[in-house]
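Number of protein chains: 2
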Amino acid sequence: MKILVISSSLKQEHIDKISRIAESHGAEVCFTESEDKLPTGFEEPDIIYGFGMNIAKTNKNLKWLCVPSAGVDYLMKPDVFANDNCILSNSSGSYGVTIAEHIITVALMMMRRLTSYYGAALEGRWETTHWSQSSLKDSRITLLGTGDIGTSFARRARAFEPDKIIGVSRSGMSNDPSYDAMYKIDSLDDVLPGTDLLVMSLPSTPETNDILNRDRIFAMPEGSYVVNVGRGNAIDEDALFDALECGHLAGAALDVFKTEPLPSDSRLWKTKNLLITPHIAGNLTLGYTLEKNVDMFTEDLNNFLEGRPLKYEVDRKKGY
Amino acid sequence: MKILVISSSLKQEHIDKISRIAESHGAEVCFTESEDKLPTGFEEPDIIYGFGMNIAKTNKNLKWLCVPSAGVDYLMKPDVFANDNCILSNSSGSYGVTIAEHIITVALMMMRRLTSYYGAALEGRWETTHWSQSSLKDSRITLLGTGDIGTSFARRARAFEPDKIIGVSRSGMSNDPSYDAMYKIDSLDDVLPGTDLLVMSLPSTPETNDILNRDRIFAMPEGSYVVNVGRGNAIDEDALFDALECGHLAGAALDVFKTEPLPSDSRLWKTKNLLITPHIAGNLTLGYTLEKNVDMFTEDLNNFLEGRPLKYEVDRKKGY
Chain B
42 MKILVISSSL KQEHIDKISR IAESHGAEVC FTESEDKLPT GFEEPDIIYG
92 FGMNIAKTNK NLKWLCVPSA GVDYLMKPDV FANDNCILSN SSGSYGVTIA
142 EHIITVALMM MRRLTSYYGA ALEGRWETTH WSQSSLKDSR ITLLGTGDIG
192 TSFARRARAF EPDKIIGVSR SGMSNDPSYD AMYKIDSLDD VLPGTDLLVM
242 SLPSTPETND ILNRDRIFAM PEGSYVVNVG RGNAIDEDAL FDALECGHLA
292 GAALDVFKTE PLPSDSRLWK TKNLLITPHI AGNLTLGYTL EKNVDMFTED
342 LNNFLEGRPL KYEVDRKKGY
Chain H
42 MKILVISSSL KQEHIDKISR IAESHGAEVC FTESEDKLPT GFEEPDIIYG
92 FGMNIAKTNK NLKWLCVPSA GVDYLMKPDV FANDNCILSN SSGSYGVTIA
142 EHIITVALMM MRRLTSYYGA ALEGRWETTH WSQSSLKDSR ITLLGTGDIG
192 TSFARRARAF EPDKIIGVSR SGMSNDPSYD AMYKIDSLDD VLPGTDLLVM
242 SLPSTPETND ILNRDRIFAM PEGSYVVNVG RGNAIDEDAL FDALECGHLA
292 GAALDVFKTE PLPSDSRLWK TKNLLITPHI AGNLTLGYTL EKNVDMFTED
342 LNNFLEGRPL KYEVDRKKGY
C-alpha cells in the first residue's frame, strides 16, 4: 500500500503523524511538494492526500483521493478519475473557523466603511468624512448554506446581537441554536426581502448556478450587503455589478468568482462598494485550519487502512 | 431654564423627544448645528448637550454640560468652565457596540492579512501570496481598559473561541463572565508577555500617559498585535514605530494619536503593518450609537429637571 502526500504546507509534526500511522499498518508513505516532483516508485500510489488530479486521471490503481479543499466541484467532471471506483474525500469541516472570521471581517469592513477609511490611510490621508454606518447589531442576517462554514459564522455573529439569523439550506434543518429559523432553499424568495446581510457558502453544483440571480438581488432591501465565500458560480455577476453601481446594494464582498483569477481587465475591480479578495478566505496558512485538515485525513487514513468506511467521503455523483 | 442642544447628527425623533421633556418641565429648548450659530436669547443657557466648550468658558450661568463623547480629557484643563460648580456628564456607555465592532474588524484585518489583500485589490491585483495568518481562535487577549468598550468587545471576542481573555483595569474587578481573569493595572507587566492581542481603551489621564512604553511593547511576544481605541497619549509612538519596523509586533491598529489629525508628514503613515484610522471607531453615524447617546442625555435631563443626581456625571477632578 503506497500513500502519496502532496503539500507545501505540512510541518514536521504532521509528517511524523502521517508516517507513524502508515508504518503501523505496514504502508509506505512519501511526501512531495507538487505533482511535478514524484519520487521513484510512487508513480502509481494507492492513496493520495493533496491536489493529485493529474495522477488521478491516469492512475487506475488509485483507490482513494483525499483533497485538502472543502469544494470538490472541479472533481465532478468526466475523465477526472482513471479508476471509476476511486473513493473521494474532502476536507469540509476544517475551514469553518477561518472562513467565519473572514466573513465577519469583510462584512464589518463594508458596514463600517473601513474599506474607504483604510483606502484613504493607504494614501496618507486623514479622512474627515463621517459616512453613514451599519452594524451587525440589530441586522437581519441570512445564511445561504448552513454547513460548517455558515454555522461557524452564525455562532460568532450571534455575539454581535443581530435582530435574527436565518439559515437557508437544502434540508432546511439544523440543530444548531445559532439559527433563529431554518428554511429550505425553495423559500429563498420569501427570506431575501427581509435580509440586511446575505452570506453565501454554497458548493458549486448545477442547482447553485446563478442562484443569486438578478430578480433576487433586486428583491433584497435597498442598502443591504452580500458576502460570497462559496463558489463564484452562485451569483449573476452582471446583475451584482448593476445593483452595486446604482446603489441598490450598499456593498458586496466576493472571495470567489466565475473566472479565477479575476481577469485584470474585469470591470469588477473598479465596481462601486465591491470588496474583492483573491480566494483566500480558506487559506491553509492559518495554523488551526492546517491542524484540523491533517487530523481529518489521518482519522480517515486509520479508517481506510483498517477496512472501515471513510468519515469524510464525498458522493461522487451528487458532488458533496 | 434654557437648554441648548448643539448637534448636526440628531434626527426629528430625537428633537421631538428632547422637546417633550423640556416642555413638560416648563423649560425652553433650542437646537443648533454649531456653537457659531447661537439663536438670540440662548447666549447663556443653563444646560448644554453637545460640544459647547466656547460657551462653557464664558457663561457663568451654565449649570450642566453633557458632552456626546466618552472621553472628557479635553475638559480637564483649567479655565474650561467659567462656573466652577458646573456639572459635567459624558456619554460613556453609548460607544461600546460600535467601538467593539471596530476592534474586531481591525484586529482581524491585521491577523488575516486583509490589509495586504485589500491593498492589492485596490490596485486591481489578484494577489497570489499566501501569507501566514493568525486567528482570534486560541489567541490570548488582554484588555487594558474594561469599561463599556472593553467589555462589549470581550463579549463578542468570546464567540471566537480565544484561549483566554484577561481584563486589566484600575479596580481589577468585573462581574462580566466574558473575562477569564481580572488584574489591577500594577500587574500589567506580568500579563503582557502572555498576550497575543492587546486592546487598549483607556481614558486620557496623567496615569495613562505612555502606559504602553518601550519596555512593555518589547515585553510582548514576537508576532503579537496592539489595538488602541482609547486615547493617543497611552502609547509611546516612537517605540511602537520601532517594534513594527523590526517585526517584533506583527501589527498595530491605531484610531487615536498623540497629535490629531495625524500630520501628513508623520512617519506613522508609512510604518510597516500599522493600520491607521482617523478617530472614527466611535462615530455617531451608526444609528444605534446615536439612539443610545440621546437616551442617556434625556434620562439625565429628567433627573436634572426633577432635582435628582445625574446618572452619567463625571468627576471633574478625577477626569472619569
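Heads up: the protein sequence lines correspond to chains B and H, in order.
The first sequence runs 42 to 361 under our numbering.
The second sequence runs 42 to 361 under our numbering.
A virtual CB, placed ideally from N, CA and C, is assigned to each residue, including glycine.
Bear in mind that the values here come from a model prediction, so they are computed numbers and not experimental data.
Check                                                                                                                        : Outcome
Interface residues of the stretch 304-320 of chain B facing chain H [CB-CB below 8 Å]                                        : 305, 310, 311, 316, 317, 318 and 319
Residue 72 of chain B: first and last residue of the uninterrupted beta strand (DSSP E) it sits in                           : 69-73
With 16 other Cβ atoms within 10 Å as the buried cut-off, status of residue 77 of chain B                                    : exposed
Residues from the stretch 184-201 of chain H in contact with chain B, defined by Cβ distance under 9 Å                       : 196, 197, 198, 199, 200 and 201
Test: residue 174 of chain B CB closer than 8 Å to a CB of chain H                                                           : yes
Delimiting residues of the alpha helix (DSSP H) encompassing residue 157 of chain H                                          : 155-163
Closer than 8 Å to chain B by CB, residue 143 of chain H                                                                     : yes
Complete beta strand (DSSP E) runs within the stretch 53-141 of chain B (minimum length 3 residues, chain order)             : 69-73, 88-90, 105-107 and 128-130
Partner residues on chain H for residue 103 of chain B, Cβ-Cβ distance less than 7 Å                                         : Within 7 Å Cβ-Cβ: nothing; residue 103 of chain B doesn't reach chain H, min ~27 Å.
CA nearest to the CA of residue 169 of chain B, picked from B:158, B:163, B:179 and B:175                                    : B:158
Limits of the alpha helix (DSSP H) - the one that residue 181 of chain B falls within                                        : Looking at the DSSP string, residue 181 of chain B is not in any alpha helix (DSSP H); the run it does join, the beta strand (DSSP E), is 181-185.
Exposure of residue 277 of chain B, with buried meaning 16 or more beta-carbon neighbours within 10 Å                        : buried
Chain B residues whose Cβ lies nearer than 7 Å to that of residue 160 of chain H                                             : 163
C-beta neighbour in chain H for residue 169 of chain B, strict 8 Å                                                           : yes
Residue 214 of chain H, buried or exposed, once every other Cβ within 10 Å from all chains shown has been counted against 16 : exposed
Exposure of residue 178 of chain B, with buried meaning 16 or more beta-carbon neighbours within 10 Å                        : buried
Residue 330 of chain B versus B:253, B:139, B:237 and B:235, residue with shortest Cα-Cα distance                            : B:139
Beta carbon proximity, residue 138 of chain B to chain D, threshold 8 Å                                                      : The question asks about chain D, but that chain is absent: this structure's protein chains are B and H.
Length of the line joining the Cα atoms of residue 63 of chain H and residue 69 of chain H                                   : 6 Å
Beta-carbon proximity list for residue 338 of chain B, same chain, < 7 Å, skipping 5 on both sides                           : 90 and 107
Residue 210 of chain H - containing alpha helix (DSSP H), residue span                                                       : Unbroken run through residue 210 of chain H is the beta strand (DSSP E), 205-210; no alpha helix (DSSP H).
From B:228, B:260 and B:143, residue whose alpha carbon lies closest to that of residue 212 of chain B                       : B:228
Beta-ladder partner(s) of residue 354 of chain B, from DSSP                                                                  : B:130
Selection of the stretch 325-345 of chain B by Cβ proximity to chain H, strictly under 7 Å                                   : 326, 327 and 329
Amino acids of chain B, ordered along the chain, whose beta-carbon sits closer than 7 Å to that of residue 302 of chain H    : 167
Beta carbon proximity, residue 223 of chain H to chain B, threshold 8 Å                                                      : no
Extent of the continuous beta strand (DSSP E) run through residue 241 of chain B                                             : 238-241
In DSSP terms, what residue 4 of chain H is bridged to                                                                       : Here chain H covers residues 42 to 361 and nothing more, so residue 4 of chain H does not appear.
Which listed residue (H:165, H:145, H:86 and H:119) has its alpha carbon closest to that of residue 304 of chain B           : H:165
Local conformation of residue 317 of chain H per DSSP, three classes                                                         : strand
Contact check, residue 240 of chain B vs residue 201 of chain B, beta carbons under 8 Å                                      : no
Coarse secondary structure for residue 232 of chain H, derived from DSSP in three states                                     : helix
Assigned secondary structure, residue 328 of chain B (DSSP; H/G/I helix, E/B strand, else coil)                              : helix
Where the beta strand (DSSP E) through residue 47 of chain B begins and ends                                                 : 43-47
CB contact check: residue 423 of chain H to chain B, cutoff 8 Å                                                              : No information on residue 423 of chain H is available, as it lies outside the stretch 42 to 361 that chain H covers here.
Enclosing beta strand (DSSP E) for residue 265 of chain H [first to last residue]                                            : 265-269
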